[in-house]
Amino acid sequence: MREKLQLLTKLNDIINANNLDVGLFRTLIKSITSIKFIDLTFYNEEKLLYAKREKILCINKQIFARAALMRDLERDCIKYIELRDLLDIEHSMFCIDKEQVVFFYTGKGKNDKEVVEILNESA
């Protein structure tokens with residue numbers, strides 16, 4: 342566990358550096374079996390409001406399958422918004438949750454665009 346925490350510290354230092362060390366970042370990413378990607382630009386208050394409204398609209402129109410999808414989106418938004426607030430996430434960062442490495446993407450980090458491209462390549 343200590344090794345994973347050291348790895349996360351290195352990853353967070355790299356993604357917040359003025360210049361992304363792409364080679365080192367790729368090497369460290371390869372040492373991780375899986376990374377859960379949480380897009381906080383998607384799961385936000387605006388999307389939550391949309392999901393709530395759409396769910397009610399679908400229920401009124403009796404489109405229950407879509408209403409269920411909107412209910413699930415609403416729940417996911419609430420979960421990730423609460424997690425973002427609990428962890429006080431302002432910029433993209435790596436964390437660990439029950440042995441799982443998690444990347445919280447905010448779109449506000451210095452190197453976010455490059456980081457996401459590399460993570461997508463590695464997936």
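Add 341 to a position in the sequence shown, counting from 1, and you land on the number used in this note's numbering.
Just so it is clear, CB atoms sit at the ideal spot from N, CA and C, and this is done for glycine as well.
Predicted, not measured: the structure shown is a model, and the values here were computed from it.
Alpha carbon to alpha carbon, what distance is there between residue j and residue i?
i: K439; j: E455; result: 27 Å
i: L287; j: E387; result: A query on residue 287 cannot be resolved here, the shown segment of the chain reaching from 342 to 464 and no further.
i: N452; j: R394; result: 34 Å
i: S375; j: T368; result: 14 Å
i: L398; j: Q441; result: 37 Å
i: H432; j: R425; result: 10 Å
i: E458; j: V363; result: 11 Å
So is residue i buried or exposed if we call it buried at 16+ other beta carbons inside 10 Å?
i: A392; result: buried
Look at the Cβ atom of residue i, then the Cβ atom of residue j, and state whether they are nearer than 7 Å.
i: F435; j: N359; result: no
i: A406; j: I400; result: no
i: F444; j: I430; result: no
i: T382; j: G448; result: yes
i: I370; j: S463; result: yes
Mapping DSSP to helix, strand and coil, what is residue i?
i: F383; result: coil
i: I419; result: helix
Locate the alpha helix (DSSP H) running through residue i, then write down its first and last residues.
i: I404; result: That residue, I404, is in no alpha helix (DSSP H); it is neither H nor E in DSSP.
Provide the residue span of the beta strand (DSSP E) that contains residue i, from first to last.
i: I437; result: 434–438
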